[in-house]
Amino acid sequence: MRSVRFPQLPPLDALVAFEAAAEHESFARAGEELFLTASAVAYQVKKLESHLAVSLFARHGKGVSLTPKGKEFLVLVKQALKDFEENVERIRHGKLRPVRLATQHAIAQFWLQKRLGSYQHDFPEHELEITAVSTVSGQPDETDLALGYFLHDPGRRWQKLWSETLLPVSAPNYKGKDEPVFYQDMHWHDDWRFWQDKFSSIQARTRRSSLYALLLQSVLDGQGAMVGRVSLLQDYLERGELVPWPDDSVNQVESGGYYLYRSAACDDHPVANHFYDWLTAQCASR
Numbered sequence: 112m113r114s115v116r117f118p119q120l121p122p123l124d125a126l127v128a129f130e131a132a133a134e135h136e137s138f139a140r141a142g143e144e145l146f147l148t149a150s151a152v153a154y155q156v157k158k159l160e161s162h163l164a165v166s167l168f169a170r171h172g173k174g175v176s177l178t179p180k181g182k183e184f185l186v187l188v189k190q191a192l193k194d195f196e197e198n199v200e201r202i203r204h205g206k207l208r209p210v211r212l213a214t215q216h217a218i219a220q221f222w223l224q225k226r227l228g229s230y231q232h233d234f235p236e237h238e239l240e241i242t243a244v245s246t247v248s249g250q251p252d253e254t255d256l257a258l259g260y261f262l263h264d265p266g267r268r269w270q271k272l273w274s275e276t277l278l279p280v281s282a283p284n285y286k287g288k289d290e291p292v293f294y295q296d297m298h299w300h301d302d303w304r305f306w307q308d309k310f311s312s313i314q315a316r317t318r319r320s321s322l323y324a325l326l327l328q329s330v331l332d333g334q335g336a337m338v339g340r341v342s343l344l345q346d347y348l349e350r351g352e353l354v355p356w357p358d359d360s361v362n363q364v365e366s367g368g369y370y371l372y373r374s375a376a377c378d379d380h381p382v383a384n385h386f387y388d389w390l391t392a393q394c395a396s397r
């Protein structure tokens, strides 16, 4: 039934039926999920298509598939239903949903972790959900905040927090300078380019991993060298557990930086904004 107050809005039951049918690409399986018959789901979808005056599904012998307009509409519907559900929970339980932050594994482990402890000690009522990923896109999906390393400014909604400095490092007892083993992060594998001309005689065997912590541990164990990110490894350098490699003449090079993203979805989320401002302030005092 069309709302008199909001005549442009489709019925909620039709949106739910559409979202389920789109996810399953099947009216029958959507019906099983919603405890409806396939024909009932088909009816709701048809009602929605009539309301929008567009075809959301292509019907064929093997079932249904989303049209380009259907795919576009699905993105909007999923976000709208998710936001609505979260706000219902907030009203029901009297609290905001957790703030979602996505960041790279290395940043989470070597920079964010120690700061999270301080934040959650001072603001225990603020709920945070941290997701560690291999890479952070310039257009993050399904997150409120994102913290990532980029060579260049990723653009709108990203705020630069600090610049990064690179330095080849090894454990002080590493002796493999003649035939070194060189550890490289699979996502940051081109870092050695800054020194390859100066140390052109070095022909290293390369070992790669997508886990920065695994590479670091191998280097700390004296098994090889790596290009380290100074802001992440500062404690190890200060304690002398890591030293410049292949010798003290190697220079540090500034390359890229770390940026903090805030999505439009959290503009009205006070905890997300508070955590964003807190992280920004932490970096301003570096």
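The working numbering numbers the first residue of the sequence shown as 112 and each following residue consecutively. C-beta: ideal position from N, C-alpha, C; glycine also. It should be emphasised that the depicted structure is a prediction, and the values quoted were computed from it without experimental measurement.
Note the first and the last residue of the continuous beta strand (DSSP E) segment covering residue i.
| i | result |
| --- | --- |
| Glu275 | 269–281 |
| Glu240 | 239–244 |
| Val382 | Looking at the DSSP string, Val382 is not in any beta strand (DSSP E); the run it does join, the alpha helix (DSSP H), is 381–395. |
| Ala219 | Per DSSP, Ala219 belongs to no beta strand (DSSP E) and is neither H nor E. |
Bridge partners of residue i, per DSSP?
| i | result |
| --- | --- |
| His171 | Gly174 |
| Thr148 | Beta-bridge pairing links Thr148 to no other residue. |
| Gln231 | Answer is none; Gln231 lacks a bridge partner. |
| Tyr294 | Arg318, Met337 |
| Pro355 | Val280 |
| Ala257 | Ala213, Tyr372 |
Give me the Cβ distance between residue i and residue j, rounded to the nearest whole Å; I'm assuming they're in contact under 8 Å.
| i | j | result |
| --- | --- | --- |
| Val354 | Val280 | 6 Å |
| Tyr260 | Glu275 | 7 Å |
| Pro291 | Ala315 | 4 Å |
| Ser137 | Val175 | 7 Å |
| Ala169 | Val152 | Not confirmed; about 16 Å, so no contact. |
| Leu322 | Asp255 | Incorrect: roughly 25 Å between the Cβ atoms, too far for contact. |
| Leu239 | Thr391 | The pair is not a contact, with the Cβ atoms about 16 Å apart (cut-off 8 Å). |
| Asn384 | Gly333 | Not confirmed; about 45 Å, so no contact. |
| Gln231 | Tyr370 | Rounded, the Cβ-Cβ distance is 23 Å, inconsistent with contact. |
| Val165 | Thr214 | So it is not a contact: roughly 38 Å between Cβ atoms. |
| Val341 | Leu277 | 7 Å |
What did DSSP end up calling residue i once you bin it into helix, strand or coil?
| i | result |
| --- | --- |
| Gln334 | coil |
| Tyr154 | helix |
| Gln363 | coil |
| Tyr369 | strand |
| Arg350 | coil |
| Leu212 | strand |
| Phe117 | coil |
| Lys286 | coil |
| Ala139 | helix |
| Asp194 | helix |
| Arg251 | According to the sequence provided, residue 251 is Pro. The question's Arg does not apply to it. In the structure shown, Pro251 sits in coil (DSSP, three-state: anything other than H, G, I, E or B). |
| Phe184 | helix |
| Pro179 | helix |
| His162 | helix |
| Lys189 | helix |
| Asp302 | helix |
| Ser312 | coil |
| Leu262 | coil |
| Asp124 | helix |
| Glu236 | coil |
| Gln328 | helix |
| Gln345 | helix |
Strictly under 9 Å for the Cβ-Cβ distance: is residue i near chain C by that measure?
| i | result |
| --- | --- |
| Gln314 | Here there is only one protein chain, and chain C is not present. |
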